[in-house]
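Undergrad: The structure under discussion is supplied below as structure tokens; questions concerning it will follow.
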Amino acid sequence: MRKIIGIIILIISLGVLLLAMNQSFMNKIKQDQYFDHLTADNPGKHKLYYKAFVKTDRWRYGDLYGLCFLPQYKFALEPFKTYPANNKKPATGNILYIIGDSFLADKTLAGAFDKFDNVIFLDRRFPFGPIKPDTTKNNYMLMEFAERNLVDYDLTKTPEIQWPQKNINAKNFDNPLVFQPSSSLPTSIPDRAGTILFNKDLSRNLEILLFYNKIFTPFKEFKAYINYKLTGWLPKEVAVSSDKKRLLMNITVDTSYRSSAFRNISDNEVKTISNNLNAAQNYYRSIGFKQVILSVVPNPVSIYDDKRMNYNHLLQRVEKNNKFTVNSLFDRYKGDDKNLYYRSDGHWNPYGLDTWVKTTNATLDPLIK
Amino acid sequence: MLFNSLLFLLFFIIVTITYYLLPHRFRWMWLLAASFYFYMYFKPVYILIILFTIIVDYCAGILIERADQKHKKFYLLASIVTNVGVLAYFKYFNFLAENINLLTASFRGPQIPLINFLLPIGLSFHTFQAMSYTIEVYRGNQKAEKHFGIYSLYVMFYPQMVAGPIERPQHILPQLHRENKFNSNTFIAGLLFIMMGLFKKVVIADRLGLYVDPVFSDPHNHTSLDLLLATYFFAFQIYCDFSGYSDIAIGTALTLGIVLMKNFNMPYLAHNVSEFWKRWHISLSTWFRDYVYIPLGGSRVAFPLICVNLLVVFTISGLWHGANWKYLIWGLIHGLLLVIYQSLKKLKIEVKGFTFIKWLITFNLVCLAWIFFRANTVADAFYIIGKIFSGSLTYSANYTMPVKGLYYCAIIILGLMGGEWYMRNATAFSNRKKLLLALGIGVACYFFGIFTEAQFIYFQF
Chain A
1 MRKIIGIIIL
11 IISLGVLLLA
21 MNQSFMNKIK
31 QDQYFDHLTA
41 DNPGKHKLYY
51 KAFVKTDRWR
61 YGDLYGLCFL
71 PQYKFALEPF
81 KTYPANNKKP
91 ATGNILYIIG
101 DSFLADKTLA
111 GAFDKFDNVI
121 FLDRRFPFGP
131 IKPDTTKNNY
141 MLMEFAERNL
151 VDYDLTKTPE
161 IQWPQKNINA
171 KNFDNPLVFQ
181 PSSSLPTSIP
191 DRAGTILFNK
201 DLSRNLEILL
211 FYNKIFTPFK
221 EFKAYINYKL
231 TGWLPKEVAV
241 SSDKKRLLMN
251 ITVDTSYRSS
261 AFRNISDNEV
271 KTISNNLNAA
281 QNYYRSIGFK
291 QVILSVVPNP
301 VSIYDDKRMN
311 YNHLLQRVEK
321 NNKFTVNSLF
331 DRYKGDDKNL
341 YYRSDGHWNP
351 YGLDTWVKTT
361 NATLDPLIK
Chain B
1 MLFNSLLFLL
11 FFIIVTITYY
21 LLPHRFRWMW
31 LLAASFYFYM
41 YFKPVYILII
51 LFTIIVDYCA
61 GILIERADQK
71 HKKFYLLASI
81 VTNVGVLAYF
91 KYFNFLAENI
101 NLLTASFRGP
111 QIPLINFLLP
121 IGLSFHTFQA
131 MSYTIEVYRG
141 NQKAEKHFGI
151 YSLYVMFYPQ
161 MVAGPIERPQ
171 HILPQLHREN
181 KFNSNTFIAG
191 LLFIMMGLFK
201 KVVIADRLGL
211 YVDPVFSDPH
221 NHTSLDLLLA
231 TYFFAFQIYC
241 DFSGYSDIAI
251 GTALTLGIVL
261 MKNFNMPYLA
271 HNVSEFWKRW
281 HISLSTWFRD
291 YVYIPLGGSR
301 VAFPLICVNL
311 LVVFTISGLW
321 HGANWKYLIW
331 GLIHGLLLVI
341 YQSLKKLKIE
351 VKGFTFIKWL
361 ITFNLVCLAW
371 IFFRANTVAD
381 AFYIIGKIFS
391 GSLTYSANYT
401 MPVKGLYYCA
411 IIILGLMGGE
421 WYMRNATAFS
431 NRKKLLLALG
441 IGVACYFFGI
451 FTEAQFIYFQ
461 F
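If you read the sequences in order, they're chains A and B. Note that the first sequence covers residues 1 to 369 in this note's numbering. Note that the second sequence covers residues 1 to 461 in this note's numbering.
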């Protein structure tokens, strides 16, 4: 009997280990988990695969909740408004390119801007092809940043100009770029075996396989709750706002991180950031863009918890220091009584996005004659 | 592979069950293959270094046994030079080069290029274990191991290869040869040890690390009280981190039916520094006693020479921990404390009673030495000591750890002391009690543990 139990445990363990070693399978799980709450239910979702591996609360209630599982910050995320293309609108001959980050990723913005026929979104976090604007149109570029990402921005070090083969322009741009994690393995057998056997993500993969399922959420919440109550402990990625009403990204709070809103930033550093942004502007204008517009989304901590320590006002200082059109959000957001950011996520909520669209329209409209 | 990772949990289950399912003649192969995987998971290419020393020491053992007295010494020296050479190259070359470069830079002399590599994990541990084999064969206390696989397993046995306990061949080799039948008593005792070790690591050490690491990384922006607390907390962090590792190693080996030596015996209860070293990292301190201190003359030589020997042994012990002046100073401090203790004994200045005061002094002296061990640099260590004695009693590390977090840490440290006292005879508990305790500790680990896969501090040595 003891032997049989041993053999059963062994087989299960080997099965789990083999699954965790299969990186392309793990990448698929990660992607399905991430998009699960963003897509509507379909019959495929009820299959065993979805129930066993995809159903998770890691993303459903906000990325920050998914990191700490504090039950008092478990808020369902409201869906974003979509701005589909309006085909009935007369053609304007204007195209808007947006190079942005997670704030605008996975949003439908084609019809968000009145004076543009199309909107092409390129995600700065992942490599995309060289941009070759359509010379028969008026091309505009909007560079969107989260405030926390401004500090280390350097055109030469981002995927923006690290070009693979495909050219991107309004004619050949058909689908928004979705990042496909690479699952390619080395070609030689020993290297291949080494990559699979000594995969550095094995523990992380096992965690995803064994403990990401939503049936573990109550245990995770209990653990998070007692640890926070007893010791004030939170995972290093998360901080709680001073008024305890929302979760914040710790990289925007803890002064040991470069992107902290409270790290002392010298004028010289601001100048360097501005120079980098101006260099990007010059580059995009040189390849055919009529105008380049800067739009920086404030950190939630800068809007709701700026008295926590000495706020460095990076956003306003950079906006003041550069030479191109700015879609300034800080004062607009600061003065708004309604909540603009999810309380359990590092990003804006639908109202925050909607406000940004309106402000951006107001900035863009006068530029177009 | 880290003991506090999910991968290890699965690895442990697969290795242990398969071990008992296999016939005895295949078990060494299985354990050796598992140990290879365990080690190679850190960096596969470093297995070549271990294999090189294994081959050298295996051959040296056989040659020493067969040779006459004159040649015996030669083979032993060859083995020791190879082991120390590997250790010196990988661990001390850059340290030496940096210091020589500093000197030559002052008169614009030539600079030695540094080597850019990661230190092979646990190098000092398995090198010392390998050396103890050839020395014991030379002394005639151990027959040369003819089975290359078993000898390789002696050096590479996965539970203890990266951070000890540093074993002796007489203790381990017979256990690797014999057939270990499944025994529920030892198996459950092993599980209990594993849980106790995991508790010390993830519940105590890693929790204290949340406070200690940022404070020691930035001593200039912390007050005396912050630094004093960080020093005391570090004493328990390193103890729980290292003894936690040893407990997991002992427990893992025990589930396979192999008994490893005890490495810690409640060291912070020591009443003097000599007693501390009989309780702290026992496998290393006995290694230095048997293979360095006694060959230097031990306590049989004149008193001034005893003092010199103590200083030499503890300076080497300090350097063994890391190629850095701070470790050397740490070792030297312990050496000096022992010299003072021995001198007082020699002069028959002995105070009877006052046990608490003796304990308090010993504990604080050990903590003082820990400052050198933990600080980023020697300069930082002196700064921290100076600042602690400057006496500002405000607590400024609220963002690192709220005050309630400090209370919690104090409580778990007290709990640790009580728990260790209660568990000191854990192997004698009934199986039911052991299993229940293991389960309870496991649940506590889940709910109170910090699973950031923080590396064990002693892995770097």
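In this text, a Cβ means the ideal position worked out from N, Cα and C, and glycines have one as well.
#1: Under 8 Å, with one C-beta from each stretch per pair, do the region 373-384 of chain B and the region 340-357 of chain B reach the 3-pair mark?
#2: Looking at chain B, is there any beta carbon in it that lies within less than 8 Å of the beta carbon of residue 287 (chain A)?
#3: Would you verify that the beta carbon of residue 100 (chain A) is, or is not, closer than 8 Å to some beta carbon of chain B?
#4: Going along chain B, which residues have a C-beta under 7 Å from residue 198 (chain A)?
#5: For residue 141 (chain B), count neighbouring Cβ atoms within 10 angstroms of its own Cβ and tell me buried if that reaches 16, exposed if not.
#6: Suppose contacts are defined by Cβ-Cβ distances below 8 Å. Is residue 190 (chain B) in contact with residue 244 (chain B) by that definition?
#7: Please report the straight-line C-alpha distance between residue 167 (chain A) and residue 128 (chain A), rounded to a whole angstrom.
#8: At the level of alpha carbons, what is the spacing between residue 267 (chain B) and residue 273 (chain B)?
#9: The beta strand (DSSP E) spanning residue 295 (chain A) covers which residue range?
#10: Strictly by DSSP, which residues pair up with residue 272 (chain A)?
#11: For residue 54 (chain A), return the contacting residues in chain B, with the cut-off set at a CB-CB distance below 9 Å.
#12: Residues bridged to residue 122 (chain A) by DSSP?
#13: Would a C-beta distance cut-off of 8 Å place residue 239 (chain A) and residue 248 (chain A) closer than the cut-off?
#14: Is the number of C-beta pairs between the region 109-119 of chain A and the region 348-366 of chain A that are closer than 8 Å three or more?
#15: Looking at C-beta atoms only, is the number of pairs between the region 317-331 of chain A and the region 241-259 of chain A that lie closer than 8 Å three or more?
#16: Please decide whether residue 10 (chain B) counts as near chain A, where near means a Cβ-Cβ distance under 8 Å.
#17: Taking Cβ positions only, does residue 121 (chain B) come closer than 8 Å to chain A?
#18: Helix, strand or coil for residue 170 (chain A), going by three-state DSSP, please let me know.
#19: The region 418-448 of chain B: which residues have C-beta closer than 8 Å to a C-beta of chain A, in chain order?
#20: Rounded to the nearest angstrom, what separates residue 122 (chain B) and residue 161 (chain B) at their Cα positions?
#21: How many Å lie between residue 74 (chain B) and residue 156 (chain B) at the Cα?
#22: Thinking C-alpha only, which one of A:200, A:225, A:220 and A:235 is nearest residue 38 (chain B)?
#23: Flag residue 233 (chain A) as yes if its beta-carbon sits less than 8 Å from any beta-carbon of chain B, otherwise no.
#24: As a quick exercise: from B:116, B:102 and B:173, pick the residue whose alpha carbon is nearest that of residue 110 (chain B).
#25: Determine the chain A residues that contact residue 404 (chain B) at a beta-carbon separation under 9 Å, and present them in chain order.
#26: Please classify residue 389 (chain B) as buried or exposed, where buried requires at least 16 neighbouring CB atoms within 10 angstroms.
#27: If we ignore side chains and look at the alpha-carbon of each, how far apart do residue 8 (chain B) and residue 186 (chain B) end up?
#28: So, under 8 Å CB-CB, residue 132 (chain A) and residue 93 (chain A) are touching, yes? Tell me the CB distance rounded to an integer number of Å.
#29: In chain order, what residues of the same chain lie with their CB nearer than 7 Å to the CB of residue 230 (chain B), ignoring the 5 residues before and after it?
#30: Tell me, please, whether the CB atom of residue 9 (chain A) is closer than 8 Å to any CB atom in chain B?
#31: In the DSSP assignment, find the beta strand (DSSP E) that holds residue 125 (chain B) and state where it starts and stops.
#32: Quick check: residue 147 (chain A) and residue 16 (chain A), are their CB atoms within less than 8 Å of each other?
#33: So, helix, strand or coil for residue 261 (chain B), using DSSP?
#34: Look up residue 205 (chain A) in the DSSP assignment and say whether it is helix, strand or coil.
#35: DSSP state of residue 88 (chain A), grouped into three classes?
#36: Going by the beta-carbon positions, is the gap between residue 192 (chain B) and residue 437 (chain B) smaller than 8 Å?
TA: In terms of the structure at hand:
#1: At 8 Å Cβ cutoff, the stretches do not touch.
#2: On the first sequence, residue 287 (chain A) is found 287 positions in, with the first residue counted as 1. Chain B contact via Cβ: absent.
#3: Taking the first sequence and counting its residues from 1, the one referred to as residue 100 (chain A) is at position 100. Not an interface residue.
#4: Your numbering for residue 198 (chain A) matches position 198 in the first sequence. Result: 40, 41 and 44.
#5: Looking up residue 141 (chain B) in the second sequence gives position 141. Exposed is the call here.
#6: Position 190 of the second sequence, counting from 1, holds the residue named residue 190 (chain B). Position 244 of the second sequence, counting from 1, holds the residue named residue 244 (chain B). No, the pair does not count as a contact, with Cβ atoms beyond the cut-off.
#7: As a working mapping, residue 167 (chain A) is identified with position 167 in the first sequence. As a working mapping, residue 128 (chain A) is identified with position 128 in the first sequence. Residue placement at residue 167 (chain A) is poorly supported in this model, since its pLDDT is 46, which falls under 50; the coordinates still yield a value, given next. Residue 167 (chain A) and residue 128 (chain A) have their alpha carbons spaced roughly 9 Å apart.
#8: Here the question's residue 267 (chain B) lines up with position 267 in the second sequence. Here the question's residue 273 (chain B) lines up with position 273 in the second sequence. C-alpha separation (whole angstroms): 10 Å.
#9: For this step, residue 295 (chain A) is matched to residue 295 along the first sequence. Note, residue 295 (chain A): beta strand (DSSP E), 291-297.
#10: On the first sequence, position 272 is the one that residue 272 (chain A) refers to. Bridge partners of residue 272 (chain A): none, in fact.
#11: As a position in the first sequence, residue 54 (chain A) is number 54, starting the count at 1. Under the 9 Å cutoff, chain B gives no residues; its nearest Cβ is about 19 Å from residue 54 (chain A).
#12: Position 122 of the first sequence holds residue 122 (chain A). Its beta-bridge partners are A:99.
#13: As a working mapping, residue 239 (chain A) is identified with position 239 in the first sequence. As a working mapping, residue 248 (chain A) is identified with position 248 in the first sequence. Taking 8 Å as the Cβ cut-off, residue 239 (chain A) and residue 248 (chain A) qualify as a contacting pair.
#14: yes
#15: no
#16: To locate residue 10 (chain B), count along the second sequence from 1; it is residue 10. Closer than 8 Å: yes.
#17: Translated into positions along the second sequence, residue 121 (chain B) becomes position 121. With 8 Å as the cut-off, residue 121 (chain B) does not count as an interface residue toward chain A.
#18: For this step, residue 170 (chain A) is matched to residue 170 along the first sequence. Low confidence applies here, because residue 170 (chain A) scores a pLDDT of 44, under 50, leaving its location unreliable and the question unanswered by this model.
#19: Of all residues in the region 418-448 of chain B, 446, 447 and 448 have a Cβ within less than 8 Å of some Cβ in chain A.
#20: Locating residue 122 (chain B) in the second sequence gives position 122, counting from the first residue. Locating residue 161 (chain B) in the second sequence gives position 161, counting from the first residue. Residue 122 (chain B) and residue 161 (chain B): Cα-Cα distance of roughly 7 Å.
#21: As a first step, residue 74 (chain B) is located in the second sequence; it is residue number 74 there, counting from the start. As a first step, residue 156 (chain B) is located in the second sequence; it is residue number 156 there, counting from the start. Rounded to whole angstroms, residue 74 (chain B) to residue 156 (chain B) spans 26 Å at the Cα level.
#22: To locate residue 38 (chain B), count along the second sequence from 1; it is residue 38. Measuring from the Cα of residue 38 (chain B), the nearest candidate turns out to be A:200.
#23: Numbered from 1 along the first sequence, position 233 holds the residue referred to as residue 233 (chain A). For residue 233 (chain A), the answer is yes, since a Cβ of chain B falls inside 8 Å of its Cβ.
#24: Position 110 of the second sequence, counted from the start, is the residue given in the question as residue 110 (chain B). Among B:116, B:102 and B:173, the Cα nearest to that of residue 110 (chain B) belongs to B:102.
#25: Looking up residue 404 (chain B) in the second sequence gives position 404. Going along chain A in sequence order, the residues near residue 404 (chain B) (Cβ under 9 Å) are 229, 230, 231 and 232.
#26: Against the second sequence, residue 389 (chain B) aligns to sequence position 389. Per the 10 Å Cβ criterion, exposed.
#27: Translated into the one-based positions of the second sequence, residue 8 (chain B) becomes position 8. Translated into the one-based positions of the second sequence, residue 186 (chain B) becomes position 186. Each residue's alpha carbon lies about 20 Å from the other.
#28: Along the first sequence, read from residue 1 onward, the residue named residue 132 (chain A) stands at position 132. Along the first sequence, read from residue 1 onward, the residue named residue 93 (chain A) stands at position 93. About 17 Å separates the two Cβ atoms, so there is no contact after all.
#29: Locating residue 230 (chain B) in the second sequence gives position 230, where the first residue counts as 1. Correct list, in chain order: 211, 212, 215 and 216.
#30: On the first sequence, residue 9 (chain A) is found 9 positions in, with the first residue counted as 1. At least one chain B Cβ lies under 8 Å of residue 9 (chain A).
#31: The residue given as residue 125 (chain B) occupies position 125 in the second sequence. That residue, residue 125 (chain B), is in no beta strand (DSSP E); its alpha helix (DSSP H) goes 123-139.
#32: The residue you call residue 147 (chain A) lines up with position 147 of the first sequence. The residue you call residue 16 (chain A) lines up with position 16 of the first sequence. Not a contact, by the Cβ cut-off of 8 Å.
#33: Indexing the second sequence from 1 puts residue 261 (chain B) at position 261. Residue state, collapsed to three classes: coil.
#34: Taking the first residue of the first sequence as position 1, residue 205 (chain A) is located at position 205. The answer is helix: DSSP assigns residue 205 (chain A) an H, G or I state.
#35: The count along the first sequence starts at 1 and reaches residue 88 (chain A) at position 88. Coil at residue 88 (chain A), not helix or strand.
#36: Taking the first residue of the second sequence as position 1, residue 192 (chain B) is located at position 192. Taking the first residue of the second sequence as position 1, residue 437 (chain B) is located at position 437. Residue 437 (chain B) sits close to residue 192 (chain B), with the two beta carbons spaced by under 8 Å.
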